[in-house]
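J.:
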Amino acid sequence: MPKVQLDELRHVIHPPGKLESRAEHWAGRLYMRALSLRVTRHLLGTRISPNQITVVMVFAGVLSGVALALPGLGGAVLSIVFMQLYLLLDCVDGEVARWRRQFSPLGVYLDRLGAYLADAAVMVGMGIRASQLGLDPYLVAGLAAAIGVLLLKSSSDLVHVARSDSGMEKATDQSVVPRSSGLARIRRLTSAVGLHRLVNGIECTLLLLVTAIVDLALGDLTATKIATVAVTAIVWLLVPAHIVSIVASSRLK
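So the sequence shown is numbered by my numbering: it starts at 2 and just counts up by one.
1. Alpha carbons only, please: which of Val5, Leu239, Val82, Ile227 is nearest the one belonging to Leu44?
2. Out of curiosity, what's the CA-to-CA distance linking Gln85 and Met127?
3. Tell me the rounded alpha-carbon separation between Arg42 and Leu89.
4. Mapping DSSP to helix, strand and coil, what is Leu89?
5. What are the boundary residues of the alpha helix (DSSP H) that includes Glu204?
6. By alpha-carbon positions, which one of Pro51, His243, Thr229, Ser165 ends up nearest to Asp137?
7. Starting from the C-beta of Leu239, find all residues in its chain whose C-beta is less than 7 Å away, skip the five residues before and the five after it, and write them out in chain order.
8. If distances are taken between C-alpha atoms only, which option among Leu10, Val123, Phe60, Ala172 comes closest to Arg23?
9. Go to Gly126, then tell me how far its alpha helix (DSSP H) extends in each direction, as first and last residue.
10. Considering Cα atoms alone, identify which of Pro72, Glu9, Ser251 is closest to Arg164.
11. Does DSSP put Thr233 in a helix, in a strand, or in coil?
12. By alpha-carbon positions, which one of Leu31, Leu209, Ala119 ends up nearest to Met58?
13. For a test of the three-state rule: what should DSSP assign to Pro17, helix, strand or coil?
14. Express the C-alpha separation of Pro16 and Arg101 in angstroms, rounding to a whole number.
15. Could you check if Ser80 is buried or exposed, using at least 16 other CB atoms within 10 Å of its CB as the buried criterion?
16. Under three-state DSSP, which class holds Gly73?
17. Taking Val63 as the reference, give the member of Ile203, Ala122, Met33 with the closest Cα.
18. Taking the continuous alpha helix (DSSP H) assigned at Lys154, which residues delimit it?
19. Let's test the definition: count the other Cβ atoms within 10 Å of the Cβ of Met169 and tell me whether it reaches 16, buried, or not, exposed.
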């Protein structure tokens, strides 16, 4: 079949407001959606389904964490490669689904499962990397960070489950703002600082690449160990704060 024109494809898979929504990752807006558009265009002429793309995406996300177990700079670079592949496929599966109108609960489930597993795998891999495969406090920290990340993601998704079970419509972007003006100001401040981004697999792999370079210069794992402790601390500061933010907003009203 003839290839779809990019402008026509963009109009369907990147509808107005898509790239500006809160759900869109900054990497998608900055560069990945431009790349995914072209990959999607090539895949439309194949029999590959959106769900098959999502399955590959899940494996790429998990392999990003596994790669961190490899010592030296190579493991950190490979982790980023797999995470960027994960992000690309996370864009492509939805774009193919929108063009073909192939939507399914299974696709949504696999997409969410991939996000859980990818970020958790990176946190576990970070702990293993810092511990040099020994069961020490850094490995425990990585595992604790993984659990915290899963709690952060699941607490957000439980909002949709709760609203759906209650017969309510999907929460709007405006409903995430806390009803208390004081809490709203704190939320804006913490969002501006951006520390919460470090618990995302994409940003965390970038951080670990920087620490790997520093470790190479120092000849030890000091930078990676500091990053592991710092990210774990950030995760567990965010978990209760995130839950309070949800309860204090209009998302469950």
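For each residue, glycine too, the CB sits at the ideal point set by N, CA and C.
This structure is a prediction, so every number in the text was calculated from the model and none was measured.
T.: To lay it out plainly:
1. Val5
2. 17 Å
3. 13 Å
4. helix
5. 202-219
6. Thr229
7. Leu153, His197, Val200
8. Ala172
9. 106-132
10. Ser251
11. helix
12. Ala119
13. coil
14. 15 Å
15. buried
16. helix
17. Ala122
18. 138-166
19. exposed
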